[in-house]
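Before any comments, here is the structure.
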Amino acid sequence: MLWIEELLEKKGVKPTAIRLLVLKALSEQQDPVSLSELEASLGTVDKSTLFRSLSLFLEHHVVHAFEDGNGVLKYELCRNPDGCSVNDMHVHFYCTRCHRTYCLPSRIPAIALPEGFEMESVNFMLKGLCPHCHGR
Numbered sequence: 001m002l003w004i005e006e007l008l009e010k011k012g013v014k015p016t017a018i019r020l021l022v023l024k025a026l027s028e029q030q031d032p033v034s035l036s037e038l039e040a041s042l043g044t045v046d047k048s049t050l051f052r053s054l055s056l057f058l059e060h061h062v063v064h065a066f067e068d069g070n071g072v073l074k075y076e077l078c079r080n081p082d083g084c085s086v087n088d089m090h091v092h093f094y095c096t097r098c099h100r101t102y103c104l105p106s107r108i109p110a111i112a113l114p115e116g117f118e119m120e121s122v123n124f125m126l127k128g129l130c131p132h133c134h135g136r
């Protein structure tokens, strides 16, 4: 777990046992996960502690979160060692049948904002059927 501890220290977050456990669980996920999904995978961490850890990680750009297009907030570990930024965001795909959210390799296209506007976050979600559900 050394790299996780180093990441937290670099971000100015104290590496407590729970925080390390949460980040380890996030690092093992193939796709973004909801608070409930993460809670189910950890089993021993209560929802309020988990929520506080995720909120702290968001604040320190250790994870990013986005609404999956169905009203559920999904979390994903920032793979860039310098942390998440708007420029690191990528496209996601939400399967309307199995309700799974996938990361796609495509970057979010740049949008020219009018003068005086400053972007803080972006959510680019495609919806449809994943290959598994499309084949059914």
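FYI, UniProt numbering numbers position 104 of the sequence shown as 104, with every residue one higher than the one before it.
Virtual Cβ for every residue (Gly too), placed ideally from N, Cα, C.
Same chain, Cβ closer than 7 angstroms to residue i, five either side skipped, listed in chain order
{"i": "residue 123", "result": "66, 67"}
{"i": "residue 15", "result": "5, 8, 9"}
{"i": "residue 133", "result": "95, 97, 98"}
{"i": "residue 107", "result": "90"}
Which residues DSSP lists as bridging residue i, in chain order
{"i": "residue 66", "result": "74"}
{"i": "residue 95", "result": "128"}
{"i": "residue 107", "result": "90"}
{"i": "residue 101", "result": "94"}
{"i": "residue 33", "result": "75"}
Close beta carbons around residue i, own chain, < 8 angstroms, minus the five adjacent residues each side
{"i": "residue 130", "result": "93, 95, 97, 98, 100, 102"}
{"i": "residue 77", "result": "23, 26, 27, 29, 62, 63"}
{"i": "residue 49", "result": "18"}
{"i": "residue 51", "result": "35"}
{"i": "residue 20", "result": "1, 4, 5, 8"}
{"i": "residue 126", "result": "91, 92, 93, 94, 104"}
Close-in-space but distant-in-sequence residues of the same chain around residue i (CB under 6 angstroms, 5 per side omitted)
{"i": "residue 22", "result": "53"}
Cβ-Cβ distance between residue i and residue j below 8 angstroms
{"i": "residue 41", "j": "residue 73", "result": "no"}
{"i": "residue 45", "j": "residue 37", "result": "no"}
{"i": "residue 75", "j": "residue 32", "result": "yes"}
Residue span of the alpha helix (DSSP H) that contains residue i, given as start and end
{"i": "residue 24", "result": "17 to 27"}
{"i": "residue 52", "result": "47 to 59"}
{"i": "residue 10", "result": "2 to 11"}
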